[in-house]
Every structure is written in structure tokens, then in C-alpha cells.
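**Student:**
In my numbering, the protein residues as written are 108 to 710.
Here it is in C-alpha cells:
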């Protein structure tokens, strides 16, 4: 059999081979390390392998601690199973339910079109509008849903500006056919929408008719313009998933790694109450805005959006196309009609949801949680209270007249959100993934594995902390290009926490950059679902994402480093070693002393 044929067959069964070979390959860990630490490390490495290769579905791998930790004697099941539904999971669940109600009534679509109508349709400003809208929506919706909703809108605007993508590519590739192919302003534009998630039910349908005077240009001019338009098109497609990934870092519920940080902080440092929804938002939102602006400048520069047209207006064919696109956005917004009762109610509860979470205990001012017994009311309680109301609050305006009018239609009562809709919208696999991460962190803590690893990281104490922040962020931003951001932060956060303890640095100084860096996956289509959706348009090439994403990763690392060493240092008192980290440090020291005693005894 030829080598190539054998390689193809092996690739067909590579996942099965990984499942069989990996447990055997890592067996030496059980016999070469201290008993409990070695068994815990065996499970951690095995799960990391399965997560990175996706030999098993991510959620199935996340459930392995339930069977492996008890059977290997690392942690009893009564301690493992509760980790799968901590209060952090309820906060995440409440955010997802709120997002599904926004999608159900199309509020996200109204927000998107309104923002785009405000920013204008010149390419650079429109890219900024797309990125701003995507980032804001991804703070509350999932990054995937945001991208799937925004891309069809972007394509509609682009087709109104530049015409059909297929004909645009022909203008670039067939110069001999361009002499008779002129832009005439009379165009029919149809949107070929990208594949979207099931929750996005609305598809744009546009028929733009314009009667601008005919303008004749040379074939070379038309080709140059078509090449410019193709570059702008790429910029539009690539900015949306990037902005969604950036925006998700601004809120605790915006992306799973943020919640894993909270869960693992509570596991390792029970007395740490520094991070909550309000304090995280106060830190991460300015960082998100900074990175969004810097990223916009880079994308607009790379794809032709930054030019002198930002400074003055011109009356040419581009201006006419922009006028058509502007009219299309305004018209599509008008088609939505006035805000109905359901949209208004969802808007109210959405704003209330954000305000209550932000003001519960923002740290820099006294929050409303002081009215309750200390430590009893958390962000999860706030989230569940608000989303529970959605299941019984009416979607139609109540009327007293209906009760006294026997001829009024007896339509069924419809709440703002049904459980079926919420059940279909919630990604339950992510909740299991969060639970698997918390179970792994608990095992690393109680088995002493985190302390054991920390002891071997002592040489890194020579690295200055600011440089360590940049190295940690850069490493995780690169690692998450090939693995799930959730799996990445689950694997590395315990190690990073122990590293901070060993070098006597505030753990948040290392853990926050690691968490944010896990969301900065920009270089490959497979890095995140939003990247994959944009790549599925067929217009982006891998080299486009690598070229753009490489610089985006560098800019992200620099922005995180700036944030941590300026307002982050002041907000979280990162210059001092916190009191809440001492209990863990003492436990680690006790573990080290026990290991040292055992070592001396064997000698």
C-alpha cells in the first residue's frame, strides 16, 4: 500500500486512534510523579489532548472528571458533581436567556440598522459602525449569533454600494471584457445571505432602483475601482467576527472564559470578592473600546477604508453608490415600523438587567447589595430574577377593555419568552464545558497538583511582572488559535494562578490578561465560530485572516498590557499582594513542606 493511501486511511480514523493511544501514552505520569498529583495530571493532560484535537465532543470531554477523578482516587464524586452547576453557571444561563429574548423579538436587528444609519456609509465609517454594533451586541448575545446576524446586513449594504460580488470579481479578472462594461446606476440588488444560526429568522430582501446618469470610464479605471471594492468587501467581512470577539470580553456574560475566571477565583481564593459584573465592566469596557478603535484603524487602513474621502465629500460614482446604500439602510429601518410593546418591554428589562448587575457591588461606590445580608446576593441571583420575569410578562399591551368586551378576540396569552425558545437557544454544551473546567480546577487545588506545578515554575520568577503579562497574553492568544478558548483557559488558568503565588504577585495581574487573551483568536478560520462563519462566505482567504489577525493579536497584547499597568493596576490594587491570596499561599506552603518531609524521609 502506498504511503499516501495509508496516510489517508489513518486520517480517517485519527480521532479513534487518539482516543486509544493517548491514555496509554500518558500512563507514565501515574508512576513517575507523586501519587495524587500524578493521577490528577494524567486526567488534565488527557482532557487537554481530547479538547485540542476534538477527539471527543468538547462537552463529552468536560464530563470525564465525573468518572475519572473518583475512580482514580483524586476527588470524590460528591465534590466533583456540584462543580457543574455553580452560581457562575446560573449567571451565564441568565445572560443566554436574555439574549434569546432579544433575538426572539428582533431588537438586535433594530439596534444594528439604527447604528449604521447614524455612522454613514463611507467605507471607513461603515466599518466602524459594523464593528461598534457587533461589539455591543456580542457583549450580551453570543459571538456566533452576533456574527451570523450582522453578515447578511453587511452583504446587503455592500451589494448596494458595489453591485453583485460575482460580477465584481469578473471585472478584476477579465480586463478585455471591461471596455463595454460600465457602471450605469440602474441596478437590481439581491441579497444572497450567508448561512446563519437558527435563531436569525429574518433575511434582508432588497430591490434598489436608481436612475443616476450614465458615467463612462476606461477599462483600467474600472478594474482599479473593482479591486478597491473587493478589498473593502473583505474588510467588511473580516471586521465583524473580530469585533464580536473583542466585544465579548467587556462583560462577564459575554464569553465563557470570563466566567471561568470568576469560578476559578472562587475555588482557589474563596475570600476574593474583587471581581464581579460591575468591576469587570469598569475595567474591560474601556479596554474593549481602546482595542476596537485600534483594530478599526488597522482594518480600515489595510482594506482601503482610510483615505481623503473621510475629510471631504465628492460628487462622483462612489458618492452616488453611497447615497443608494444610505437610502437602503434608512428604508430597511423604516420597514421595521415603530417599536412595539414587546420590543419596548425587552428593551426595558435588558437595560434593567445591565444596570442591576453593574450596580450590585461595583467596588468604587456602594452598591444596592448592602440592603441584603452580606454575601447572600450575587450576580447570579440578579440575573435569574430578571430573566424569570420574561417567562410571564405579556408580549401584548394589557387592556382592561378586553375583560369587559364579550366580542373581543380571545387570543392565547403569549409571554415575552417561552421555555421552548429558551431551551432551543441555550448552548447547553457550553454549560457542561464550564462545569468541566471548574471540576478540573477543584481537583488541581485539592490534589496539590497546582502547587507541584508552581514549584517547577520558580525560574520564571526572574521575569519582570510587566513582561510576564505580555508573554502570558501572547502565548494564550496564540494557543487559542488552535484550541477552544474555553478549553484553553480551563487548562492554563490554574497554572497561571500558582505562578503568581510563587512570584508573590497579585494573582489577578496574571489571570486577567490570560482570560482576555483567550478571546483574541483572529488568525485562522477554525479559531472561533465567528471566524468560520465569515470564512464561509467564500470571499476571504486564509492568508487574509492570517495577515490581518497577526497584527490584531499584537495590538491586542499591547492594549491588554497598557490596561493592566494603568487603570487596571489602580482598580484592583495590583501593586500589592492581597490578603485574600494568603490562605491559598499558606496551603501551598504546607503542601511543599509535606513533600519536602517525605523526600527527606526517603533519603
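Don't be surprised by glycine CBs; every beta carbon is placed ideally from N, CA and C.
Looking at the unbroken alpha helix (DSSP H) that takes in residue 553, where does it start and where does it end?
**Tutor:** As a first step, residue 553 must be located in the chain shown, where it is residue number 446. Residues 535-554.
**Student:** Take every Cβ of the segment 523-543, pair it with every Cβ of the segment 202-218, and state whether three or more of those distances are shorter than 8 Å.
**Tutor:** Touching, yes, given that three or more Cβ pairs across the two stretches are closer than 8 Å.
**Student:** Among the candidates 395, 652, 266 and 258, whose CA atom is the shortest distance from the CA of residue 246?
**Tutor:** Residue numbering aside, residue 246 sits at position 139 when the chain shown is read from its first letter. Out of 395, 652, 266 and 258, 395 has the C-alpha closest to the C-alpha of residue 246.
**Student:** DSSP three-state label for residue 685, please.
**Tutor:** Numbered from its first residue, the chain shown carries residue 685 at position 578. DSSP places residue 685 in coil when its eight states are reduced to three.
**Student:** Kindly indicate which residue of 155, 452, 484 and 356 has the alpha-carbon position closest to the one of residue 467.
**Tutor:** On the chain shown, position 360 is the one that residue 467 refers to. Comparing Cα-Cα distances from residue 467 to each of 155, 452, 484 and 356, the minimum goes to 484.
**Student:** Within the continuous alpha helix (DSSP H) that includes residue 486, where are the two ends?
**Tutor:** Here residue 486 is taken as the residue at index 379 of the chain shown, counted from 1. Per DSSP, residue 486 belongs to the alpha helix (DSSP H) from 486-497.
**Student:** Can residue 621 and residue 603 be called in contact, C-beta distance under 8 Å?
**Tutor:** For the purposes of this step, residue 621 is taken as residue 514 along the chain shown, with counting starting at 1. For the purposes of this step, residue 603 is taken as residue 496 along the chain shown, with counting starting at 1. Yes, these two residues count as a Cβ contact at 8 Å.
**Student:** When burial is assigned at 16 or more other CB atoms within 10 Å of the CB, is residue 364 buried or exposed?
**Tutor:** What you label residue 364 is simply residue 257 of the chain shown in a count that begins at 1. Buried: at least 16 other Cβ atoms inside 10 Å.
**Student:** Tell me where the alpha helix (DSSP H) around residue 607 begins and ends.
**Tutor:** Along the chain shown, one-based indexing puts residue 607 at 500. Residues 592-609.
**Student:** Quick check: the segment 186-194 against the segment 556-563, are there 3 or more CB pairs under 8 Å?
**Tutor:** As far as the Cβ criterion goes, the segment 186-194 does not touch the segment 556-563, which means the pair count is below three.
**Student:** Decide if residue 223 is buried, meaning its Cβ has at least 16 other Cβ atoms within 10 Å, or exposed.
**Tutor:** Translated into the one-based positions of the chain shown, residue 223 becomes position 116. Burial call: buried.
**Student:** On the three-pair Cβ rule with 8 Å, is the segment 383-395 touching the segment 342-361?
**Tutor:** The answer is yes - the segment 342-361 touches the segment 383-395, with three or more Cβ pairs under 8 Å.
**Student:** If you drop the 5 nearest sequence neighbours on each side, which residues of the same chain put their C-beta closer than 7 Å to that of residue 383?
**Tutor:** Sequence index remark: in the chain shown, residue 383 carries index 276 (1-based). Correct list, in chain order: 467, 468 and 486.
**Student:** Across which residues does DSSP place residue 522 in a beta bridge pair?
**Tutor:** As a working mapping, residue 522 is identified with position 415 in the chain shown. According to DSSP, residue 522 bridges with 501.
**Student:** Could you spell out where the alpha helix (DSSP H) holding residue 147 opens and where it closes?
**Tutor:** Position 40 of the chain shown, counted from the start, is the residue given in the question as residue 147. Start and end: 142-160.
**Student:** Cβ of residue 168 within 8 Å of Cβ of residue 544?
**Tutor:** For this step, residue 168 is matched to residue 61 along the chain shown. For this step, residue 544 is matched to residue 437 along the chain shown. Result no, Cβ atoms of residue 168 and residue 544 do not sit closer than 8 Å.
**Student:** Suppose the cutoff is 6 Å on Cβ atoms and the five residues either side in sequence are ignored; what does the same chain contact list for residue 403 look like?
**Tutor:** Here residue 403 refers to the residue found at position 296 of the chain shown. Excluding residues within five positions, the ones whose Cβ falls inside 6 Å are 235 and 238.
**Student:** Excluding the 5 residues preceding and the 5 following residue 520 in the sequence, name in chain order all residues of the same chain whose CB lies nearer than 8 Å to its CB.
**Tutor:** Along the chain shown, read from residue 1 onward, the residue named residue 520 stands at position 413. These residues qualify, in order along the chain: 501.
**Student:** Report the start-end ranges of each alpha helix (DSSP H) in the segment 153-210 that is 4 residues or longer and not cut off at the edges.
**Tutor:** Fully enclosed alpha helix (DSSP H) runs of 4 or longer: 165-169, 171-178 and 184-187.
**Student:** Starting from residue 582, trace the alpha helix (DSSP H) in both directions and tell me its first and last residue.
**Tutor:** Along the chain shown, read from residue 1 onward, the residue named residue 582 stands at position 475. Note, residue 582: alpha helix (DSSP H), 572-586.
**Student:** Does residue 137 pass the burial test, meaning 16 or more other C-beta atoms within 10 Å, or should it be called exposed?
**Tutor:** Residue numbering aside, residue 137 sits at position 30 when the chain shown is read from its first letter. Its Cβ having fewer than 16 others within 10 Å, residue 137 is exposed.
**Student:** Note the first and the last residue of the continuous alpha helix (DSSP H) segment covering residue 371.
**Tutor:** Translated into positions along the chain shown, residue 371 becomes position 264. Here the alpha helix (DSSP H) through residue 371 covers 363-375.
**Student:** With three or more beta-carbon pairs closer than 8 Å as the criterion, would you say the segment 158-176 touches the segment 444-461?
**Tutor:** No, they do not touch.
**Student:** DSSP three-state label for residue 472, please.
**Tutor:** Residue numbering aside, residue 472 sits at position 365 when the chain shown is read from its first letter. Residue 472: coil per DSSP, three-state reduction.
**Student:** Can you give me the Cβ contacts of residue 630 inside the same chain, cut-off strictly under 7 Å, excluding the 5 residues immediately before and after it?
**Tutor:** Stepping through the chain shown from its first residue, residue 630 is reached at position 523. Excluding residues within five positions, the ones whose Cβ falls inside 7 Å are 588, 652, 653, 656, 657 and 660.
**Student:** Between residue 463 and the rest of its own chain, which residues show a CB-CB distance below 6 Å, the 5 nearest in sequence each way excluded?
**Tutor:** In the chain shown, residue 463 corresponds to position 356, counting from 1. Within the same chain, residue 463 has close Cβ partners 489.
**Student:** Once the 5 residues before and after residue 220 are set aside, which same chain residues still bring their CB inside 8 Å of it?
**Tutor:** The sequence position of residue 220 within the chain shown is 113, counting from 1. Hits under 8 Å: 260, 436, 439, 440 and 443.
**Student:** For my contact list, residue 592 and residue 639 are in at a C-beta cut-off of 8 Å; report their separation, rounded to the angstrom.
**Tutor:** In the chain shown, counting from the first residue as 1, residue 592 sits at position 485. In the chain shown, counting from the first residue as 1, residue 639 sits at position 532. At roughly 14 Å, the Cβ-Cβ gap does not stay under 8 Å, so residue 592 and residue 639 are not in contact.
**Student:** Can you give me the Cβ contacts of residue 581 inside the same chain, cut-off strictly under 6 Å, excluding the 5 residues immediately before and after it?
**Tutor:** As a working mapping, residue 581 is identified with position 474 in the chain shown. Hits under 6 Å: 664.
**Student:** If you reduce the DSSP assignment to three classes, tell me which class residue 411 lands in.
**Tutor:** Within the chain shown, numbered from 1, the residue matching residue 411 stands at position 304. Residue 411: coil per DSSP, three-state reduction.
**Student:** Based on Cα-Cα distance, which residue from 596, 379, 228 and 253 lies nearest to residue 433?
**Tutor:** As a first step, residue 433 is located in the chain shown; it is residue number 326 there, counting from the start. If we check each option's Cα against that of residue 433, 228 comes out closest.
**Student:** Just to confirm, are residue 371 and residue 600 a CB contact at a threshold of 8 Å?
**Tutor:** As a position in the chain shown, residue 371 is number 264, starting the count at 1. As a position in the chain shown, residue 600 is number 493, starting the count at 1. For residue 371 and residue 600, yes; Cβs fall inside 8 Å.
**Student:** Ordered along the chain, which non-local residues of its own chain (more than five positions away) have a Cβ less than 8 Å from that of residue 344?
**Tutor:** Start at 1 with the first residue of the chain shown, and residue 344 comes out as number 237. Result list for residue 344: 258, 261, 641, 644, 646 and 647, in chain order.
**Student:** Where does residue 297 land, buried or exposed, given buried means 16+ other C-beta within 10 angstroms?
**Tutor:** Translated into the one-based positions of the chain shown, residue 297 becomes position 190. Any reading at residue 297 must be qualified, since the residue scores a pLDDT of 35, below 50, and its modelled position is unreliable; the value itself is stated next. By the neighbour-count rule (16 or more Cβ atoms within 10 Å), residue 297 is not buried but exposed.
**Student:** Tell me the DSSP secondary structure of residue 109 in three-state form.
**Tutor:** As a working note, residue 109 is residue 2 in the chain shown. Correct three-state label for residue 109: coil.
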